[in-house]
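First residue of the sequence shown? That's 833 in our numbering, and the numbers climb one at a time after it.
Working notes, beginning with the structure itself.
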Amino acid sequence: MRTYKKAVASYTAFMRSSYRTWENPGVDMLAEWMVHMYLSDLSAKTSRLYLDVVAGLYHKAAAARRIPEAGAFKDFRSLLKNQPENECGHRITRADLDRCISLTREAPAMSGEMALAADIVLFSLLNRAMPLAEIAMLRRRDLDTYSEESNAVAARHTSARRTYVFPLNQSENTPKTTARRMSELVRRLFSIKGIPFTGDADSTLRTIWACGALRLGVTASEVRSLLGDALPDIPCIDMCAPENLPDTCLTAITRSVGQLFYENPLRWFAMRLRPGVKYDDITRRFGQISDEITIPETFYPYEEIARRTGRKLVFEQKPVIADVVFFRSPITGVLPLFARIGDLAWCYTTTGRPGAPYAPIPNSAFINFQKTIGQFTPDYEVAPLGGLEPRAHDRVVVVGGLFHGMDGEFRDITHNPADATAIYRINLTGTNGIEWRISLDPRLVTAAK
833 MRTYKKAVAS
843 YTAFMRSSYR
853 TWENPGVDML
863 AEWMVHMYLS
873 DLSAKTSRLY
883 LDVVAGLYHK
893 AAAARRIPEA
903 GAFKDFRSLL
913 KNQPENECGH
923 RITRADLDRC
933 ISLTREAPAM
943 SGEMALAADI
953 VLFSLLNRAM
963 PLAEIAMLRR
973 RDLDTYSEES
983 NAVAARHTSA
993 RRTYVFPLNQ
1003 SENTPKTTAR
1013 RMSELVRRLF
1023 SIKGIPFTGD
1033 ADSTLRTIWA
1043 CGALRLGVTA
1053 SEVRSLLGDA
1063 LPDIPCIDMC
1073 APENLPDTCL
1083 TAITRSVGQL
1093 FYENPLRWFA
1103 MRLRPGVKYD
1113 DITRRFGQIS
1123 DEITIPETFY
1133 PYEEIARRTG
1143 RKLVFEQKPV
1153 IADVVFFRSP
1163 ITGVLPLFAR
1173 IGDLAWCYTT
1183 TGRPGAPYAP
1193 IPNSAFINFQ
1203 KTIGQFTPDY
1213 EVAPLGGLEP
1223 RAHDRVVVVG
1233 GLFHGMDGEF
1243 RDITHNPADA
1253 TAIYRINLTG
1263 TNGIEWRISL
1273 DPRLVTAAK
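Here is the structure:
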């Protein structure tokens, strides 16, 4: 019963993700399901078992005259007998794909030969698994036909004194020797990063690109249209009929898959200070490791509290959340950071367990948090022109900070040309009839209804 439930769950998940229906499954659809199970890290033996289970359920339903007989299962299983086994015995799992994505996103921060190998891999994946022999002979004058991202990768290696883009001593070696050297570089890099080779370097890159495309929701038939027939490392994909896609669609898919390996956006994360650790300890450590990694921007908001001691008014700063520091970093920069400050703090993860992916803070949640405390990070910009443009005597409402919910009268704007910021001056009236004037960030003010 447990196996039956797992098989039906896999079949249902595939149909939902591909918007299929139960009625009249075809050979092409079953092949797509086998590719889906491969992407879910199921073994070939388990995939065929699930196929047999679902085929049996269809047969019983047809025998009970509840659905038409589905002959596609019999046809598909006969075709499976001619499917070649994976000769090298390796496959690209979800964890392998994640490691490759992390590797290519970290490429700009690497150095030496491994940086060269990582950029070659990235350039290939940006261009639909471009063969290494073609990359080896790529000249500077050819870059005009490539994307902005590809040019950014190439710019890290081009030189006005060299005809070829990547420094591989092409003029001293034959194209075959150069391509072999590139392949060895890529093999060594993948070995260091724990990514298996499925055959040679080119076939491995094609498999990685295909797995990335399938993860993004590209169908196996569309992958066939983009890469052709030479994908022996993904079972049953050659049974999926390639679709006749327009050039615009092919370009869009290629760019989307390339972005999966290229994008490394800055995101806000939260670190939790360990017992006894202060924010000053973190900043002191940052100063010590600034030569090793890029130090992230931090956000550690304080509240200013006034306390009267006799006739003297004393102001002190109290952290809003004493043991939590927010920091802005590329996704791939979090692990190297905590390899160096892990004794002082730890970063929140998606599951709350060590080893799980680090959890970026959703932008909307972080903006709401800043509004609530009335303090903002530099990346939270003032509303663009055409937004709130109050005039003198307009009624406004404070939407965050200490005066949240209070309405008042807008007086004027103070501009600071040095950093292009603005401060609103507002008159507020308390419930006791006392009026006072405050200065607020524009992001804490909206027009009254």
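Each residue gets a CB set at the ideal place from its N, CA and C atoms; glycine is no exception.
- With contacts defined as CB atoms closer than 8 Å, Cys1068 and Met942 fail to qualify as a contacting pair.
- Cα atoms of Leu1048 and Arg1104: separation of roughly 33 Å, rounded to the nearest angstrom.
- Burial state of Tyr882 is buried, judged by a 10 Å Cβ sphere holding 16 or more other Cβ atoms.
- Annotated three-state conformation of Met1103 is strand, per DSSP.
- Where Val1050 is concerned, there is no enclosing beta strand (DSSP E), because DSSP gives it neither an H nor an E.
- Annotation: the stretch 1136 to 1166 contains the following complete segments of the beta strand (DSSP E) (minimum length 3 residues), in chain order: 1144 to 1151 and 1156 to 1162.
- Put simply, the backbone Cα of Pro999 is about 15 Å away from that of Lys1008.
- Arg1038 is positioned such that its CB atom lies closer than 8 Å to that of Leu1059.
- Trp1178: member of the beta strand (DSSP E) spanning Ala1177 to Cys1179, first to last residue.
- Taking the CA atoms as reference points, Met946 sits about 21 Å from Gln1091.
- DSSP, reduced to helix, strand and coil, places Phe1170 within a helical segment of the structure shown.
- With the rule of 3 Cβ pairs closer than 8 Å, the stretch 905 to 916 does not count as touching the stretch 1025 to 1039.
- Met869 is classed as buried because its beta carbon has at least 16 other beta carbons within 10 Å across all chains shown.
- Two segments are said to touch when three or more pairs of C-beta atoms, one from each, lie closer than 8 Å; by this definition the stretch 1008 to 1024 does not touch the stretch 890 to 903.
- CA-to-CA, the gap between Leu954 and Leu929 works out to about 13 Å.
- In the structure shown, Leu1059 adopts helical secondary structure according to DSSP, grouped into three states.
- Judged by DSSP in its simplified three-state form, Arg971 adopts strand.
- For the pair Met969 and Tyr996, the CB atoms are nearer than the 8 Å cut-off.
- Nearest neighbour of Tyr836 by Cα position, chosen from Val885, Gly1044, Ala895 and Val1152, turns out to be Val885.
- Unbroken alpha helix (DSSP H) runs of no fewer than 4 residues, entirely contained in the stretch 876 to 948, are found at 876 to 895, 904 to 912 and 926 to 938, following chain order.
- Looking only at Phe1093, Thr878 and Leu874, the smallest Cα-Cα distance to Cys932 is reached by Phe1093.
- Taking the Cα positions, Ala1188 is about 9 Å away from Tyr1180.
- According to DSSP, residue pairing for Ile1255 in a beta bridge involves Thr1246.
- Bounds of the alpha helix (DSSP H) holding Phe1022 are Pro1007 to Lys1025.
- In the DSSP assignment, Glu981 falls within the alpha helix (DSSP H) that extends over Glu980 to Ala987.
- In the three-state DSSP reduction, Leu862 falls in the helix class (H, G or I).
- Inclusion of Ala1280 and Val1229 in the CB contact set at 8 Å is warranted, their separation being smaller than that value.
- When the beta-carbon positions are compared, Asp860 and Cys1081 stay at least 8 Å from each other.
- Out of Ala839, Leu935, Ile1255 and Ile1193, the CA that lies nearest to the CA of Thr878 is found in Ala839.
- Checking the DSSP bridge columns, you'll see Thr1130 partnered with Phe1159.
- The alpha-carbon of Ala1191 is positioned some 20 Å away from that of Ile1114.
- Separation of Asn983 and Gly888 (C-alpha to C-alpha, rounded to the nearest whole angstrom) is 53 Å.
- The stretch 1253 to 1262 makes contact with the stretch 1234 to 1242, as at least three CB pairs between them are under 8 Å.
- The three-state secondary structure of Leu1234, taken from DSSP, is coil.
- Leu1145 is classed as exposed because its beta carbon has fewer than 16 other beta carbons within 10 Å across all chains shown.
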